[in-house]
Amino acid sequence: MRRMRWFLCFLSSVAAYGPHSLIFLSTGRTAPKARPVFEQLTVYDDVGISYCDSKTTQEQVKPRLQSRHFSESCNGAFGDVLRFIKDISSHTNDTVDVVQRRRGCILSSSGRVSAFDTWAVNGVDFLTFDPESEQWTSHEPSALPIKKKWNEDKIRNYAFSGFISQDCPLIIGRITLRSIDKTTDLHVFAKPTADTDRALLRCHVTTTDRSASSMHLVGDGASRAFWISVTGPVPSGDGSVILRLTAMISLTQVINTYGCTVQTGGHNITVYWDGNTLDHRPLIHTRITSNSMFLGVLGFFCVVATVTLISCAMIYLQKCVKTRRPPPPPPPSPALVQQFHSFIQSSTLFPDIRDILISAVYATNTPQRYRHHQEEWYDMMRFRDQDYYDPEFFAGQV
């Protein structure tokens, strides 16, 4: 009774500092004609504090663990895994590649202890232990023989129940972690997709600030994202948590900006995407260059096509004009030419009228026999115009 009162007082004092958890994650891997390989990671409040394997079976304490009140060996957990593998091989025909065990306790703020011990084979739940009834429950038909055999081992089940229900909370009370500075790292990058007009935008947050609980897509392109997915916060095992945001964005609108904001207890942190991939390859620049090259080639072909069409149209128009041009008039008949010459040489015409007719009919191709008369007429007209417009002539009239 006195021990129970002390235990309850101890739980109350530990729970006053908030909820805590202590989990032992054991893994056994089998190999043909070889001894199984064992590993165990001890996690306190989502922080790995110790590691142990079958090579040394010695606990290797992590730097985050400040207190030294911790087990020095994992021989007991290693022995449990070996026995489990042996029992499965003896009572079932299942092939065992990986055996996993998860046991520990969670101490709530009110002092309540939640203890658990579960086994899995090849990633599938196999057996679960109830610390109150000290009985096993099977999750697979092949687990029934193991369940029956283990339920008959009362002493072993009592020890399992005492460890996760009483020893585990006591260990929690003796654990002290070193304090670390609250840091938050936010990285924004993109990953190309098969569709060159789209990309996967990713925002990755690693923070030791446990108040970080949400992350949002920001920027003028946030409302145009095709879809958005947020995961986390997920413990990373070293005291930090991870949050990740993934969004499908368009690369056709290069003026859009994208960024991510993570909310912490003290302030918000925002980082905008610089247009690069994780390995710093420009994604937007490549898209713009491809578009520019395409537009340049398209423009060149458009110019060539336009020039070709105009040339063909001009050639066609020239052919149409040539085909529609009226033929030259036929030459006059010799009889008509003879009558015209007789009329010109007739003495009944005034010289001026005759010269005008010759110029109108022949222009610059005046026959030799009429050129003398035409030159005389030109001289006469020049002298007459000089009399009309010569300043010296008019000056003499004053």
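Mature numbering (1 follows the signal peptide of the UniProt record, and there is no 0) puts the sequence shown at residues -16 to -1, 1 to 382. Cβ atoms here follow ideal geometry from the backbone N, Cα and C, with glycine treated the same way.
Between the CA atoms of residue j and residue i - distance to the nearest angstrom
{"i": "residue 266", "j": "residue 215", "result": "26 Å"}
{"i": "residue 249", "j": "residue 75", "result": "54 Å"}
{"i": "residue 6", "j": "residue 223", "result": "14 Å"}
{"i": "residue 294", "j": "residue 288", "result": "10 Å"}
{"i": "residue 202", "j": "residue 243", "result": "5 Å"}
{"i": "residue 256", "j": "residue 164", "result": "27 Å"}
{"i": "residue 43", "j": "residue 113", "result": "25 Å"}
{"i": "residue 196", "j": "residue 108", "result": "33 Å"}
{"i": "residue 140", "j": "residue 30", "result": "28 Å"}
{"i": "residue 198", "j": "residue 259", "result": "24 Å"}
{"i": "residue 4", "j": "residue 166", "result": "20 Å"}
{"i": "residue 20", "j": "residue 207", "result": "53 Å"}
{"i": "residue 272", "j": "residue 180", "result": "Interpretation of residue 272 is limited by its pLDDT of 47, a score under 50 that renders its predicted location unreliable; the figure taken from the coordinates is listed afterwards. So the alpha carbons of these two residues sit roughly 11 Å apart."}
{"i": "residue 125", "j": "residue 132", "result": "12 Å"}
{"i": "residue 45", "j": "residue 33", "result": "6 Å"}
{"i": "residue 17", "j": "residue 60", "result": "23 Å"}
{"i": "residue -9", "j": "residue 210", "result": "With a pLDDT of 44 at residue -9, under the threshold of 50, the modelled position of that residue is not reliable, and the figure given next carries that caveat. If I take the Cα positions, the gap works out to 54 Å."}
{"i": "residue 161", "j": "residue 137", "result": "37 Å"}
{"i": "residue 303", "j": "residue 319", "result": "38 Å"}
{"i": "residue 237", "j": "residue 94", "result": "54 Å"}
{"i": "residue 15", "j": "residue 135", "result": "28 Å"}
{"i": "residue 290", "j": "residue 297", "result": "11 Å"}
{"i": "residue 452", "j": "residue 247", "result": "Look at the range of the chain in this structure, -16 to 382, and you will see that residue 452 is not part of it."}
{"i": "residue 142", "j": "residue 38", "result": "26 Å"}
{"i": "residue 194", "j": "residue 285", "result": "60 Å"}
{"i": "residue 299", "j": "residue 176", "result": "51 Å"}
{"i": "residue 123", "j": "residue 220", "result": "29 Å"}
{"i": "residue 99", "j": "residue 53", "result": "21 Å"}
{"i": "residue 73", "j": "residue 251", "result": "56 Å"}
{"i": "residue 301", "j": "residue 264", "result": "58 Å"}
{"i": "residue 89", "j": "residue 117", "result": "16 Å"}
{"i": "residue 144", "j": "residue 69", "result": "18 Å"}
Short Cβ contact (7 Å threshold) for residue i with residue j
{"i": "residue 283", "j": "residue 241", "result": "no"}
{"i": "residue 235", "j": "residue 178", "result": "no"}
{"i": "residue 153", "j": "residue 80", "result": "no"}
{"i": "residue 218", "j": "residue 212", "result": "no"}
{"i": "residue 28", "j": "residue 159", "result": "yes"}
{"i": "residue 111", "j": "residue 120", "result": "yes"}
{"i": "residue 130", "j": "residue 78", "result": "no"}
{"i": "residue 41", "j": "residue 55", "result": "no"}
{"i": "residue 91", "j": "residue 155", "result": "no"}
{"i": "residue 192", "j": "residue 253", "result": "no"}
{"i": "residue 200", "j": "residue 245", "result": "yes"}
Residue i, enclosing beta strand (DSSP E) - first and last residue
{"i": "residue 188", "result": "182 to 191"}
{"i": "residue 103", "result": "97 to 105"}
{"i": "residue 174", "result": "168 to 176"}
{"i": "residue 198", "result": "198 to 202"}
{"i": "residue 12", "result": "4 to 15"}
{"i": "residue 28", "result": "18 to 28"}
{"i": "residue 254", "result": "252 to 256"}
{"i": "residue 243", "result": "243 to 247"}
Cβ of residue i within 7 Å of any chain B Cβ
{"i": "residue 73", "result": "In summary, chain B is missing from the structure at hand, where a single protein chain is found."}
| Below 8 Å, can you find three or more Cβ-Cβ pairs linking the segment 165 to 172 to the segment 181 to 199? | Touching, yes, given that three or more Cβ pairs across the two stretches are closer than 8 Å.
| message | Please give the ranges of any beta strand (DSSP E) in the segment 109 to 164, keeping only runs that are unbroken, at least 3 residues long and fully inside the region. | response | The DSSP assignment places complete beta strand (DSSP E) segments of no fewer than 3 residues inside the segment 109 to 164 at 119 to 122, in order along the chain.
| query | Are there three or more Cβ pairs, one per stretch, closer than 8 Å when the segment 228 to 236 is compared with the segment 138 to 154? | reply | These segments do not touch.
| task | Evaluate contact between the segment 70 to 84 and the segment 1 to 18, counting only Cβ atoms and requiring at least three cross-stretch pairs below 8 Å. | result | Short answer: they touch.
| Contact between the segment 13 to 27 and the segment 59 to 69 (3+ Cβ pairs under 8 Å) | Because the criterion of three Cβ pairs below 8 Å is met, the segment 13 to 27 and the segment 59 to 69 touch.
| request: List in chain order: all unbroken beta strand (DSSP E) runs of 3+ residues lying wholly within the segment 212 to 237. | output: Fully enclosed beta strand (DSSP E) runs of 3 or longer: 225 to 234.
| query | Three or more beta-carbon pairs under 8 Å between the segment 48 to 61 and the segment 104 to 123, yes or no? | reply | As far as the Cβ criterion goes, the segment 48 to 61 does not touch the segment 104 to 123, which means the pair count is below three.
| Which runs of the alpha helix (DSSP H), 4 residues or longer, sit entirely within the segment 32 to 93? | Complete alpha helix (DSSP H) runs here, min 4: 59 to 75.
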